[in-house]
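Asker:
Protein chains: 2
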Amino acid sequence: MSKASERAYAEIRGLILSGDALPGSPLTEEALADICGVSRTPVREALRRLEAELYIVRSDSQRLFVADWNAEDLAEMFTLRAMLEAHAAARAATRITPQALDALRACNARIGAAVAQAEPDVATFLNENRSFHEITIAAADSPRLATMLAALVEQPVVRRTAARYNRTELARSAHEHGELIQAFAAQDAQWAQAVMTGHIRRAFHAFSAAEPVP
Amino acid sequence: MSKASERAYAEIRGLILSGDALPGSPLTEEALADICGVSRTPVREALRRLEAELYIVRSDSQRLFVADWNAEDLAEMFTLRAMLEAHAAARAATRITPQALDALRACNARIGAAVAQAEPDVATFLNENRSFHEITIAAADSPRLATMLAALVEQPVVRRTAARYNRTELARSAHEHGELIQAFAAQDAQWAQAVMTGHIRRAFHAFSAAEPVP
DNA sequence: CATACCGCTATTGTATACAAAGTGCGCCGG
DNA sequence: CCGGCGCACTTTGTATACAATAGCGGTATG
Numbered sequence: 299m300s301k302a303s304e305r306a307y308a309e310i311r312g313l314i315l316s317g318d319a320l321p322g323s324p325l326t327e328e329a330l331a332d333i334c335g336v337s338r339t340p341v342r343e344a345l346r347r348l349e350a351e352l353y354i355v356r357s358d359s360q361r362l363f364v365a366d367w368n369a370e371d372l373a374e375m376f377t378l379r380a381m382l383e384a385h386a387a388a389r390a391a392t393r394i395t396p397q398a399l400d401a402l403r404a405c406n407a408r409i410g411a412a413v414a415q416a417e418p419d420v421a422t423f424l425n426e427n428r429s430f431h432e433i434t435i436a437a438a439d440s441p442r443l444a445t446m447l448a449a450l451v452e453q454p455v456v457r458r459t460a461a462r463y464n465r466t467e468l469a470r471s472a473h474e475h476g477e478l479i480q481a482f483a484a485q486d487a488q489w490a491q492a493v494m495t496g497h498i499r500r501a502f503h504a505f506s507a508a509e510p511v512p
Numbered sequence: 299m300s301k302a303s304e305r306a307y308a309e310i311r312g313l314i315l316s317g318d319a320l321p322g323s324p325l326t327e328e329a330l331a332d333i334c335g336v337s338r339t340p341v342r343e344a345l346r347r348l349e350a351e352l353y354i355v356r357s358d359s360q361r362l363f364v365a366d367w368n369a370e371d372l373a374e375m376f377t378l379r380a381m382l383e384a385h386a387a388a389r390a391a392t393r394i395t396p397q398a399l400d401a402l403r404a405c406n407a408r409i410g411a412a413v414a415q416a417e418p419d420v421a422t423f424l425n426e427n428r429s430f431h432e433i434t435i436a437a438a439d440s441p442r443l444a445t446m447l448a449a450l451v452e453q454p455v456v457r458r459t460a461a462r463y464n465r466t467e468l469a470r471s472a473h474e475h476g477e478l479i480q481a482f483a484a485q486d487a488q489w490a491q492a493v494m495t496g497h498i499r500r501a502f503h504a505f506s507a508a509e510p511v512p
């Protein structure tokens, strides 16, 4: 996607995820165009994409509203993500290159360091965690899977999950990554799948334990 | 999606799936606009959607080409479809309404009739089969799942699969639907999931047994 | 007082014009 | 003859103008 479209997408997505645009509230193309400082054309493209990713919904006839994600929707997202990302891990186990494996090791080393500190460096954790999962998904070598997962992995959700983790849990997360690396090194698809499933399911429960939407 | 966009989408998708637009061949917005008899604007929307569904790919910089689905891609599609649609069946098992269940029964009765004939009515089979799966997915009550599956269930692929089925296999397909209905009636999610998995996996192997792309 | 009809307005859909960017071809120089 | 540079053309991206449509409110009538 090109500059203006991308900007509009990021901007509108930000409005929704930050809560500035409340669930159920109407969105008009022109108002968004003004906010983003671009014309309606790129806004429309951004909206199509956001609609496909279920950030927004179309009413009876074509009016747009911010989607309302309830607890059940979020649970379903985690379930789908666990299924698909575990499948990705299984694929990656037999396809990953030595280079990618090294990249994962480096990534997880940085996560370990960030977590080991007296005051864990959550920002680094989040960045490296994202890289870790991105490398894994890339190693699965399935554009379809990558596309689907992209619509399922919401960084604000991940952030809220990590914010809830204490140091022990952050360390456990890093440990799970380590086990995943072992599974990859052994090219054991089942193992990788199981570890990833647990990894995501645990994140789900940590997320659910967090206070409701702020 | 509205009239012109929808038309462009259907038209272009048709070009690709019919083989009129060969894999790897370039597509230009203007040429497609001419073919569809609309302007570039709705064509662009259609292309975005087709890109998201991986019918087309974007080159290094923004030029569009017909995607090239090889055997591995198709296998991955079936695998993902089996996973997701089985999950949908599991959800549907505990959520389906009596009305929807009746609709499935009626649907499958028509499939049974179409298959029982000396010369099976494949057209009816395909229509009712599609309805059957659509009702199931709707009963799962997960817009996300529905969106994802929509990009995975290609009717031309289904058609080729069914064309390969002989009467015994068509009947077996109907029988599997019947078992799914039983699982739904019993509200047994695991059973429903297992039956659906087998149903799709069997379709995959029937499809693979078919001659390579004509 | 309720309801139905009509017309205005707000919003989305489509077309077109223009801007930007990339590609390929031809020309020139080594 | 080969390689690099530059220009023209093709193609995509964005803005804007116009068309169609749906929603809303007012008014008039039963």
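As given, the protein sequences belong to chains A and B, one line each in that order.
One gets the numbering used here by counting positions in the first sequence from 1 and adding 298 to each.
One gets the numbering used here by counting positions in the second sequence from 1 and adding 298 to each.
Here a beta-carbon is modelled for each residue, glycine too, at the ideal position from N, C-alpha and C.
A quick note: this is a predicted structure, and the numbers were derived from the prediction, not measured.
1) Against chain B, with Cβ distances strictly below 9 Å, would Pro-321 (chain A) count as a contact?
2) Can you give me the Cβ contacts of Ala-438 (chain B) inside the same chain, cut-off strictly under 6 Å, excluding the 5 residues immediately before and after it?
3) Would you verify that the beta carbon of Ala-358 (chain A) is, or is not, closer than 9 Å to some beta carbon of chain B?
4) Quick check on Ile-394 (chain A): does DSSP put it in helix, strand or coil?
5) Under 8 Å by Cβ, that's how I've got Arg-311 (chain A) and Leu-348 (chain A) pegged, so tell me the actual separation to the nearest angstrom.
6) With the cut-off set at 9 Å, would you say Phe-376 (chain A) and Cys-405 (chain A) are in Cβ contact?
7) Examine chain B for any beta-carbon lying closer than 9 Å to the beta-carbon of Ser-300 (chain A), and answer yes or no.
8) Leu-443 (chain A) and Arg-379 (chain A): beta carbons closer than 9 Å?
9) Can you tell me which of A:Ala-460, A:Asn-368, A:Gly-496 and A:Ala-306 puts its alpha carbon nearest to the alpha carbon of Ile-409 (chain A)?
10) Name, in chain order, the residues that DSSP records as bridge partners for Ile-354 (chain B).
11) Return the residues of the stretch 376-387 of chain B that lie within a Cβ-Cβ distance of less than 9 Å from chain A, sorted by chain order.
12) Assign Leu-325 (chain A) to one of three DSSP states: helix, strand, or coil.
13) Check each candidate in B:Leu-330, B:Ile-394, B:Asn-425 and B:Ala-507 and name the one with the smallest Cα separation from Ala-484 (chain B).
14) Rounded to the nearest angstrom, what separates Gly-317 (chain B) and Pro-418 (chain A) at their Cα positions?
15) Kindly indicate if chain B contains any beta-carbon less than 9 Å away from that of Ser-258 (chain A).
16) Helix, strand or coil for Asp-419 (chain B), going by three-state DSSP, please let me know.
17) Please check the pair Pro-542 (chain A) and Phe-363 (chain A), which I expect to be a contact at CB under 8 Å, by giving their CB distance rounded to whole angstroms.
18) Start and end of the alpha helix (DSSP H) containing Gly-312 (chain B)?
Answerer: For this structure:
1) Stepping through the first sequence from its first residue, residue 321 (chain A) is reached at position 23. Not one chain B Cβ lies under 9 Å of Pro-321 (chain A).
2) In the second sequence, the residue the question calls residue 438 (chain B) occupies position 140. Counting only Cβ-Cβ distances below 6 Å, and skipping sequence neighbours, we find Ala-386, Arg-389 and Ala-390.
3) Sequence index remark: in the first sequence, residue 358 (chain A) carries index 60 (1-based). The amino acid at residue 358 (chain A) is misidentified as Ala; the sequence shows Asp. So no, Asp-358 (chain A) is outside the interface.
4) The sequence position of residue 394 (chain A) within the first sequence is 96, counting from 1. Residue state, collapsed to three classes: coil.
5) Locating residue 311 (chain A) in the first sequence gives position 13, where the first residue counts as 1. Locating residue 348 (chain A) in the first sequence gives position 50, where the first residue counts as 1. Indeed, because the Cβ distance is near 6 Å, the residues count as touching under 8 Å.
6) Indexing the first sequence from 1 puts residue 376 (chain A) at position 78. Indexing the first sequence from 1 puts residue 405 (chain A) at position 107. Contact flag unset, no.
7) Here residue 300 (chain A) is taken as the residue at index 2 of the first sequence, counted from 1. Answer yes: the Cβ-Cβ gap between Ser-300 (chain A) and chain B drops below 9 Å somewhere.
8) Position 145 of the first sequence, counting from 1, holds the residue named residue 443 (chain A). Position 81 of the first sequence, counting from 1, holds the residue named residue 379 (chain A). Going by C-beta atoms, Leu-443 (chain A) is not nearer than 9 Å to Arg-379 (chain A).
9) To locate residue 409 (chain A), count along the first sequence from 1; it is residue 111. With distances taken between Cα atoms, Ile-409 (chain A) lies closest to A:Ala-460.
10) On the second sequence, position 56 is the one that residue 354 (chain B) refers to. Answer is B:Val-364, bridged to Ile-354 (chain B).
11) Thr-377, Leu-378, Met-381, Leu-382 and His-385
12) As a first step, residue 325 (chain A) is located in the first sequence; it is residue number 27 there, counting from the start. Of the three classes helix, strand and coil, the one that applies to Leu-325 (chain A) here is strand, per DSSP.
13) Position 186 of the second sequence, counted from the start, is the residue given in the question as residue 484 (chain B). Closest option to Ala-484 (chain B), Cα to Cα, is B:Ile-394.
14) Along the second sequence, read from residue 1 onward, the residue named residue 317 (chain B) stands at position 19. Along the first sequence, read from residue 1 onward, the residue named residue 418 (chain A) stands at position 120. Approximately 56 Å between the Cα atoms of the pair.
15) Any question about residue 258 (chain A) goes unanswered here, given that chain A covers just 299 to 512.
16) Against the second sequence, residue 419 (chain B) aligns to sequence position 121. Asp-419 (chain B): coil per DSSP, three-state reduction.
17) This structure leaves residue 542 (chain A) out entirely; chain A is present only between 299 and 512.
18) In the second sequence, the residue the question calls residue 312 (chain B) occupies position 14. 301-316 is the extent of the alpha helix (DSSP H) around Gly-312 (chain B).
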